[in-house]
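Counted from 1, the sequence shown has number 241 at position 248 by the numbering used here; the numbering is strictly sequential.
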Amino acid sequence: MTTLLERLKAIVGPGGWSTDSADLEPHLTEWRGIYRGRTLVRLMPRSTDEVSAIVTACAEEGVAIVPQGGNTGMCGGAVPDTSGRQVVLSLGRMNRVRNVDALNFSMEVDAGCILAHAQDAAKQAGRYLPLSIGAEGTCQIGGNIATNAGGMNVGRYGTARALVLGLEVVLADGTVLNSLRSLRKDTAGYDLKQLFVGSEGTLGIITAASLRLFPDPGALSTALLGIESAGKAVDLLGNLKVALDDRIESFELVSQRVFGLVTRFIADASLPFQIEYPWYVLIDTATGGDEQVLENALAAAAASGLLVDAVIAKNDREAAELWRLRHSISEAERQDGKALKHDISVPLSRMQEFLARGDERLAELRADAKLVAFGHVGDGNLHYNVVLPRDLSDPEWAAEGERVSRGIYDLVQELGGSFSAEHGVGQAKRSWLREYRGGPELELMQQLKKTLDPSNILNPGKVI
Ligand code: FAD
Ligand code: 2HG
Ligand code: ZN
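Take a look at the structure:
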C-alpha cells in the first residue's frame, strides 16, 4: 500500500494530495453529516492525464476510487466507505472553462468547474447555461452530470442529461474515452456518453464535458403566488403554460410549513405577504422584462380561482430575495433536524392524485409525522420530505423511517413514478433501487457495471 501511495503522490505532485486529517475532514462526510468514511489519501489532479494515471495505478492494485465534486450530493455518493482503503479523487483543480463556442451554442468545461462559474462564462459570451440549483456556487459540472442534476429550469431546458453534448471520461482501466464532441446530431453507433450521465461515479470518471447553451432569455419576471391547495398549483401551471406561451423558466411549489422553517432558521428571511397561504408558487418567466405580460396572465388565473395572491418582484434585488427564500429551504430543513428525504416524481397528470393520496397515506402511516413538501412541481418532481416525532430513538427512527418511506414509495410506484427524481441513489437509496427497479432493469445495470468496471474499483457500494 505504501508503494501505491508513493506512486499516487508522484502522479499529482506536491499540492496535489493530502493525508492531513483536518484537511480531509470535509471530504469524509457530506453536508448533512449523515454519512462518514475514511480514506487512504485525497488526490487533486490537475489534468485528464493525471486522472488516467491515478486510475491505472489504483486498478493495478485493486484500490477503489471515490470521485468527488463539490460534495453537495444528497445521497452520500461522494463519501468513501469506512475501510480507510479507498482513494478520494477531487476534481476541483480541474476547473477550466476550455472554450465557449457562441456560434455553436456550446461550451467545453473541465469536470471540476463550479456550476456558477460555467454559467458566468456562458453569460459573458452572450449565451445561457440554464442548469440552476441551490448549490450552484459549490457543486461542479462533473458532479452535476454524474447525478443527472435537475433543479429550477428543467421544464424548459431538461435535466443535466439534456445539456450534455459530449463527454471525456476516464474508464476503470485508465483509458481515456474521448466523446467530447459538440454535435447536436450524431448517429454513429451507441450514444456512449449517456451511460455516464447519472452513473454517480460508478462507471467512469468524467473529466470534461461539452454543454449545450441557449440564447440568453434576458430579463425575467419573478413572482411569488399564494395558492389555496397544491392541486390548484398543478392546474395553474397548465393555465400559465398556455397563457405565457411556454415562457415559464421555473415553477416551484412550496408549502407554508416549509417557508415557516425558512423564516424561522434563516436570518432576515420573511415572506412578502401580510397573511399566510397554505401553498406558494415561485415563478420565473421569460417576458423580456415586460412585467405586464405576467401580470395579465396572473390576473386571468386569479379570476379563475387558481391563485389568491401575488407579489411580482419590482427589480432584480426583490427577485433575488424571493429566490433566496427558495434556495434556503434545504439549509432551514437541515437546521430543523433529521428529515426523511423523498425526492419523488410522478407523471404531471398524476400529481394531483399523488398529493391527495399522499396526504391520506401519510396520515395512515403516522398521524404525528410532519410533511415538508416543496419542489419542482412543473417537472412532476416533489421533495416530499417527512419529519418523524423527535422523541423517537435512533433505532425507532430507522425502522419507522423505512416503513413510512416504503408507504410513500409504493404509492409513487403505483402512479408510475420514481423514488429518485433528481438526487440519484448513492448509498442512501440502494435498497430502494433493488426493490423498485429489480428484474431486467437492475440486471442490465449490473451487467453494464461488470463490463465497464470488472474489478469494482469505481465508487463501489454506490447505486447498485
Ligand atoms: P458530489 O456531491 O461531489 O458527487 C455526487 C456524485 O457524483 C457522487 O456519487 C460522486 O462520486 C459523483 N461524481 C462527482 N464528480 C464526478 C466526476 N467528475 N465523475 C464521476 N463521478 C463524479 N440537486 C438537484 O438535482 N436539484 C436541485 O435543485 C438541488 N438543489 C440542491 C440544493 C442544496 C442547498 C444542496 C446542498 C444540494 C442540492 N442538490 C440539488 C444536490 C446536489 O447539489 C447535486 O446532486 C449536484 O449535482 C452534485 O454535484 P457535486 O459536484 O456536489 O457532486
Ligand atoms: C431543492 O430542490 C433540492 O432545493 C434539495 O433538490 C431538496 O433538500 C431537499 O430535499
Ligand atoms: Zn430539487
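From the three backbone atoms N, C-alpha and C, an ideal C-beta is built for every residue, glycine too.
The beta carbon of Phe244 sits no closer than 8 Å to any heavy atom of ligand 2. For Val44, the enclosing alpha helix (DSSP H) stretches over residues Thr41 to Glu54.
Of all C-beta pairs linking the region 201 to 213 to the region 144 to 158, three or more are shorter than 8 Å, placing the two stretches in contact. Within the DSSP bridge table, the entry for His376 names Asp336 and Phe367 as partners. Of the other Cβ atoms in all chains shown, fewer than 16 fall within 10 Å of the Cβ of Glu(-1); this residue is therefore exposed. Secondary structure at Phe98: coil, using DSSP grouped into helix, strand and coil. The beta carbon of Leu170 sits closer than 6 Å to the beta carbons of Val162 and Leu164 from its chain, once the five residues preceding and following it are set aside; these are given in chain order. If you ignore the 5 residues before and after Gln249, its C-beta comes within less than 8 Å of the C-beta of Glu269, Tyr270, Pro271, Trp272 and Tyr273, all in its own chain and listed in chain order.
Residue burial is scored here from C-beta neighbours: Arg430 has at least 16 other C-beta atoms within 10 angstroms and is therefore classed as buried. By the neighbour-count criterion, in which 16 or more other beta carbons inside 10 Å mark a residue as buried, Thr75 falls on the exposed side. Contact between Asn92 and Glu101 holds: their C-beta atoms lie close to 5 Å from each other, under 8 Å. For Pro60, the enclosing beta strand (DSSP E) covers residues Ile58 to Gln61. Counting only residues of its own chain and dropping the five nearest sequence neighbours on each side, Arg427 has a CB closer than 7 Å to the CB of Leu435. Given a length threshold of 4 residues, each whole run of the alpha helix (DSSP H) inside the region 250 to 311 is given here in chain order: 284 to 296.
Cβ-Cβ distances below 8 Å link Ser175 to Asp94, Asn97, Ser99, Glu101, Leu158, Gly159 and Ser203 in the same chain, with the five nearest sequence neighbours on each side left out; the list follows chain order. Ala325 is not a Cβ neighbour of Leu275, given a cutoff of 9 Å. Burial state of Tyr402 is buried, judged by a 10 Å Cβ sphere holding 16 or more other Cβ atoms.
With a cut-off of 8 Å, the C-beta of Met344 is classified as distant from ligand 2, since no heavy atom of the ligand falls inside that distance. If you draw a straight line from the Cα of Gly85 to the Cα of Met37, it comes to about 7 Å. Fully contained in the region 166 to 239 are the following beta strand (DSSP E) runs of length 3 or more, in chain order: 169 to 172, 198 to 205 and 214 to 220. Thr140 sits in coil when the DSSP states are folded into three classes, being neither helix nor strand. Comparing alpha carbon positions, the residue from Leu408, Leu264, Val80 and Thr32 closest to Arg350 is Leu408.
Close CB contacts of Arg120 within its chain, under the 8 Å cut and outside five residues either way in sequence, are with Val93, Ala95, Phe98, Met100, Leu206, Phe207, Pro208 and Asp209 (chain order).
A straight-line Cα-Cα distance of about 12 Å links Glu221 and Asp228.
Checking the 8 Å criterion, the Cβ of Asn378 is out of range of every heavy atom belonging to ligand 3.
Under the three-state reduction of DSSP output, Leu17 falls in the helix class. Look at Phe412 here: in three-state DSSP terms it is coil, with no helix or strand label. Ranked by Cα distance from Asp261, the options Leu451, Gly77, Leu441 and Ser321 are led by Ser321. Sixteen is the threshold: when 16 or more other Cβ atoms of the shown chains lie within 10 Å of the Cβ of Gly135, as they do, the residue is buried. No heavy atom of ligand 3 is found nearer than 8 Å to the CB of Asp277.
Just measuring C-alpha positions, the residue of Ser448, Lys307, Val397 and Asp179 sitting nearest Glu357 is Val397.
Of Ser386, Glu288 and Val5, the smallest CA-CA separation from Ser40 is found for Val5. Look at Gly144: its beta carbon is less than 8 Å from one of the heavy atoms in ligand 2. Selection Val379, Leu375, Asn374 and Val80 evaluated against Ala360 yields Val379 as nearest (Cα-Cα). Listed in chain order, the non-local C-beta contacts of Pro388 below 7 Å within the same chain number zero, local neighbours out to five positions each way being set aside.
With a 10 Å radius around the Cβ and a threshold of 16 neighbouring Cβ atoms, Thr168 comes out exposed.
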